[in-house]
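Step one of this worksheet: look at the structure below.
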Amino acid sequence: MADHRLVVIGSGLAGLTTALEAARTATALEVLVLEKNPQVGGNSAKASSGINAVNPAGGDSPATYSDDTLQSGGGLSDSRLVERLVVRASAARASAFGASSEDALRFLEALGLDLSVVVQLGGHSVPRTHSNPSGPNVGFALVRAVETAVRQQPNVRIVTNAKVTSAAYSADGRLAVGYTLGLVATKPDSGSGGVGVAPEEVTVLCDGLVLATGGFAASREMLARYRPDVAGLPTTNGPWATGDGVALGGALGARLVQMDQVQVHPTGFVDPGDPDSGTKFLAPEKLRGCGALLLDDSGRRFVDELATRDVVTAAITAQPRHSAWLLLGAQGAARYGEGTLGFYSSKKLVTKVESAEAGAQHMGVDAAVLLQELAAHNTLADAAAAEAEAAAAAAARVGTVDQGGAHPPPRDVTGKRYFHGRVDVNAPVWVARVMPVVHYCMGGIQTRPDAAVLGQDGAPLHRVWAAGEVSGGLHGRNRLGGNSLAECAVFGRVAGRAAAAAIVSSTPVAAGQQVAL
Ligand SMILES: Cc1cc2nc3c(=O)[nH]c(=O)nc-3n(C[C@H](O)[C@H](O)[C@H](O)COP(=O)(O)OP(=O)(O)OC[C@H]3O[C@@H](n4cnc5c(N)ncnc54)[C@H](O)[C@@H]3O)c2cc1C
Numbered sequence: 001m002a003d004h005r006l007v008v009i010g011s012g013l014a015g016l017t018t019a020l021e022a023a024r025t026a027t028a029l030e031v032l033v034l035e036k037n038p039q040v041g042g043n044s045a046k047a048s049s050g051i052n053a054v055n056p057a058g059g060d061s062p063a064t065y066s067d068d069t070l071q072s073g074g075g076l077s078d079s080r081l082v083e084r085l086v087v088r089a090s091a092a093r094a095s096a097f098g099a100s101s102e103d104a105l106r107f108l109e110a111l112g113l114d115l116s117v118v119v120q121l122g123g124h125s126v127p128r129t130h131s132n133p134s135g136p137n138v139g140f141a142l143v144r145a146v147e148t149a150v151r152q153q154p155n156v157r158i159v160t161n162a163k164v165t166s167a168a169y170s171a172d173g174r175l176a177v178g179y180t181l182g183l184v185a186t187k188p189d190s191g192s193g194g195v196g197v198a199p200e201e202v203t204v205l206c207d208g209l210v211l212a213t214g215g216f217a218a219s220r221e222m223l224a225r226y227r228p229d230v231a232g233l234p235t236t237n238g239p240w241a242t243g244d245g246v247a248l249g250g251a252l253g254a255r256l257v258q259m260d261q262v263q264v265h266p267t268g269f270v271d272p273g274d275p276d277s278g279t280k281f282l283a284p285e286k287l288r289g290c291g292a293l294l295l296d297d298s299g300r301r302f303v304d305e306l307a308t309r310d311v312v313t314a315a316i317t318a319q320p321r322h323s324a325w326l327l328l329g330a331q332g333a334a335r336y337g338e339g340t341l342g343f344y345s346s347k348k349l350v351t352k353v354e355s356a357e358a359g360a361q362h363m364g365v366d367a368a369v370l371l372q373e374l375a376a377h378n379t380l381a382d383a384a385a386a387e388a389e390a391a392a393a394a395a396a397r398v399g400t401v402d403q404g405g406a407h408p409p410p411r412d413v414t415g416k417r418y419f420h421g422r423v424d425v426n427a428p429v430w431v432a433r434v435m436p437v438v439h440y441c442m443g444g445i446q447t448r449p450d451a452a453v454l455g456q457d458g459a460p461l462h463r464v465w466a467a468g469e470v471s472g473g474l475h476g477r478n479r480l481g482g483n484s485l486a487e488c489a490v491f492g493r494v495a496g497r498a499a500a501a502a503i504v505s506s507t508p509v510a511a512g513q514q515v516a517l
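Residue numbers (full-length UniProt numbering): 1 to 517.
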């Protein structure tokens with residue numbers, strides 16, 4: 001029986017990463033992960049584009065990544081959090097914090113993950129979004145790898161079907177966490193409520209608490225309170241994303257930030273069989289990162305497909321039907337992975353047709369207009385590819401990396417700068433109807449770069465940390481694609497180490513005291 005206990009609420013990428021890091025940091029610590037679902041993973045397991053990390057091979061640097069993130073955040077991002085996300089600490093500090101996107105990528109790769117596919121998503125000036133070349137969607141692969149490592153730690157226990165309903169300080173400065181166990185019948189298992197078990201109220205005392213409960217993009221009630229204008233849109237989130245951590249943190253005195261900053265993702269798939277469904281499959285941004293185009297109802301492009309999400313969302317919302325067509329050519333499909341496209345086809349969200357002309361017929365647009373539009377796009381794409389090749393050759397001659405830094409000038413009227421391949425009009429194309437969907441909460445519980453939760457007075461709460469989507473302030477007005485999984489991995493590690501160090505340190509940590517790492 002361990003002397004100290006850390007409770008982690010939530011088992012998405014943030015919670016699992018926190019648990020793994022804490023358990024590895026202090027083997028004398030018992031880590032208890034409480035998850036209200038029957039299975040681990042949360043929205044993390046649904047992620048489908050990738051995880052960001054500085055990509056030096058593509059001309060990236062911490063400064064470039066930081067600039068892109070801050071620019072996308074529109075002046076609202078907490079620059080100290082951005083710095084923690086992107087900046088590689090010195091060797092000594094890195095070992096203490098386990099921070100930075102590059103460290104997180106290495107940490108994940110060390111669990112056996114192959115994250116070698118790198119694409120450029122909207123608002124990024126270089127490719128830095130990493131995903132797996134084959135197998136399940138990237139989020140599921142990440143969750144499975146971290147969960148496997150967590151389950152090998154003898155000092156971690158994951159309890160599923162355990163919905164945390166209360167958190168309070170006890171008289172001796174510990175924390176009392178109340179949860180309902182066994183709400184959902186599941187397989188008998190030492191770590192979950194079992195089949196037919198009546199719900200049971202449990203209270204556990206702990207020496208530290210990490211909130212990793214995700215966002216509230218599936219809570220109509222919270223959306224109506226904080227962003228009434230988007231509360232009626234469909235969501236990409238699972239029904240568990242109800243902002244429980246906001247209430248739990250609030251009960252302990254946590255301060256909230258930027259709760260009105262809710263991201264509407266431009267492209268949720270419209271299911272032709274159920275167009276009004278309130279929950280939609282996400283058409284991942286990686287599709288556009290692999291060259292997918294957006295077309296209006298006349299078959300013309302109308303927006304830079306790789307602008308930031310807020311810009312693309314506004315352009316689609318301005319369309320007469322508040323939706324658009326997405327078209328991916330054969331080259332892009334090969335990059336994206338035809339297996340995953342096949343999954344979307346099986347759900348009837350994407351249709352594969354034999355040529356661009358057949359695509360025009362499917363979309364009900366004039367084939368001549370579409371072919372002209374694709375020809376214009378291909379001319380720009382070919383020019384961009386030729387310039388990139390020439391720049392790479394020149395850079396190789398002088399021994400530097402060929403790209404990175406500032407965004408190049410726009411090449412067309414939509415402002416598009418980056419082109420990822422052409423659309424071969426005589427080869428198969430993949431077509432889908434897409435519309436904006438509520439996707440992500442950029443606001444939440446305010447934290448410091450060491451993941452400590454801040455109270456109403458701006459001082460850290462005693463032994464409470466937060467990681468992942470439940471926390472707010474990193475992304476500002478607009479989250480870059482790939483930055484949430486990066487946040488989960490980086491700040492999950494930070495929270496795990498900070499909590500383990502504070503709890504197991506021989507010197508008790510006083511309320512409000514910063515943990516020295
Ligand atoms: C379809 C989709 C695709 C996405 N693709 C990407 C992508 O490619 N790249 C990227 O960076 N981001 C992506 N995102 C966003 C990203 O996946 C999430 O923001 C991120 O994974 C959140 O991780 P988390 O650990 O904070 O929360 P989650 O993964 O949502 O986990 C939170 C967990 O806490 C549990 N929980 C909540 N309340 C309680 C309670 N009271 N008691 C016990 N347990 C509780 C939940 O059940 C859940 O399992 C995507 C999101 C969606 C929905």
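Ideal Cβ placement from N, Cα and C applies to all residues, glycine included.
* Can you tell me where the beta strand (DSSP E) with Ile-208 in it begins and where it stops? -> Residue identity check: residue 208 is Gly in the sequence provided, not Ile. Looking at the DSSP string, the run of the beta strand (DSSP E) that includes Gly-208 is 208 to 211.
* C-alpha distance - Thr-213 paired with Asn-426, whole-angstrom precision -> 47 Å
* **Inter-residue CB distance, Val-230 and Pro-266 (contact presumed, cutoff 8 Å)** => The pair is not a contact, with the Cβ atoms about 13 Å apart (cut-off 8 Å).
* Answer with buried or exposed for Ala-22, where buried requires no fewer than 16 other C-beta atoms within 10 angstroms of its C-beta. => buried
* Val-440 CB to nearest heavy atom of ligand 1 below 7 Å -> What sits at residue 440 in the sequence shown is Tyr, not Val. It does: the Cβ of Tyr-440 is within 7 Å (strictly closer) of some heavy atom of ligand 1.
* To do: Count the other C-beta atoms from every protein chain shown that fall within 10 angstroms of the C-beta of Ile-503, then say buried if there are 16 or more, exposed otherwise.
  => buried
* Distance cut-off 7 Å: Trp-240 Cβ against heavy atoms of ligand 1 -> yes
* Taking 7 Å as the cut-off, is the CB of Asp-3 close to at least one heavy atom of ligand 1? -> no
* Does any heavy atom of ligand 1 sit closer than 7 Å to the C-beta of Ile-51? -> yes
* To do: Taking the CB atoms as reference points, tell me whether Gly-178 and Arg-463 lie closer together than 8 Å.
  => no
* Asked: From Ala-185 to Val-204, what distance separates their C-alpha atoms?
  -> With a pLDDT of 45 at Ala-185, under the threshold of 50, the modelled position of this residue cannot be trusted, and the question is left open.
* Identify, in the order they occur along the chain, each residue of the same chain with its Cβ nearer than 8 Å to the Cβ of Arg-321, setting aside the five sequence neighbours on each side. => Asp-297
* Looking at the structure shown, is Gln-152 part of a helix, part of a strand, or coil, going by DSSP? -> coil
* Asked: For residue 583, which residues from the same chain have a beta carbon less than 6 Å from its beta carbon, with the 5 sequence-adjacent residues on both sides left out?
  -> The question about residue 583 has no answer, for the chain in this structure spans 1 to 517.
* How do the stretch 228 to 245 and the stretch 437 to 448 stand: do at least 3 beta-carbon pairs fall below 8 Å, yes or no? -> yes
* Asked: Can you tell me whether Val-270 is buried or exposed, with buried defined as 16 or more other CB within 10 angstroms of its CB?
  -> buried
* Does ligand 1 have even one heavy atom less than 7 Å from the beta-carbon of Trp-236? -> According to the sequence as given, residue 236 is Thr; it is not Trp. Yes, Cβ of Thr-236 sits closer than 7 Å to a heavy atom of ligand 1.
* **For Ala-53, the nearest candidate out of Gly-75, Glu-83, Leu-461 (CA to CA)** => Glu-83
* **Close beta carbons around Pro-284, own chain, < 6 Å, minus the five adjacent residues each side** => Ser-48, Ser-49
* Asked: Cβ of Ser-345 versus every heavy atom of ligand 2: is any distance shorter than 7 Å?
  -> For the structure depicted, ligand 2 is absent and the ligand set comprises only ligand 1.
* Asked: If Leu-474 sits next to Leu-113, beta carbons under 8 Å apart, how far is it from one beta carbon to the other, in whole angstroms?
  -> Not quite, the Cβ-Cβ distance comes to about 23 Å (not below 8 Å), so this is no contact.
* Is the closest heavy atom of ligand 1 to the C-beta of Leu-34 under 7 Å? -> yes
* **Burial state of Gln-456 (16 or more Cβ within 10 Å)** => exposed
* Asked: For Ala-92, which residues of its own chain have a beta-carbon under 7 Å away from its beta-carbon, when the five flanking residues on both sides are left out?
  -> The predicted position of Ala-92 is uncertain, since its pLDDT is 46 and thus under 50; a value taken from the coordinates is nonetheless stated next. Correct list: empty, nothing qualifies.
* Asked: Across which residues does DSSP place Ser-166 in a beta bridge pair?
  -> Gly-178
* Asked: In chain order, what residues of the same chain lie with their CB nearer than 8 Å to the CB of Glu-200, ignoring the 5 residues before and after it?
  -> Thr-180, Leu-181, Gly-182, Gly-193
* Asked: With a CB to CB cut of under 7 Å and the five nearest residues on each side skipped, what residues in its chain are close to Thr-18?
  -> Val-8, Val-210, Ala-212, Ala-467, Gly-492, Ala-495, Gly-496
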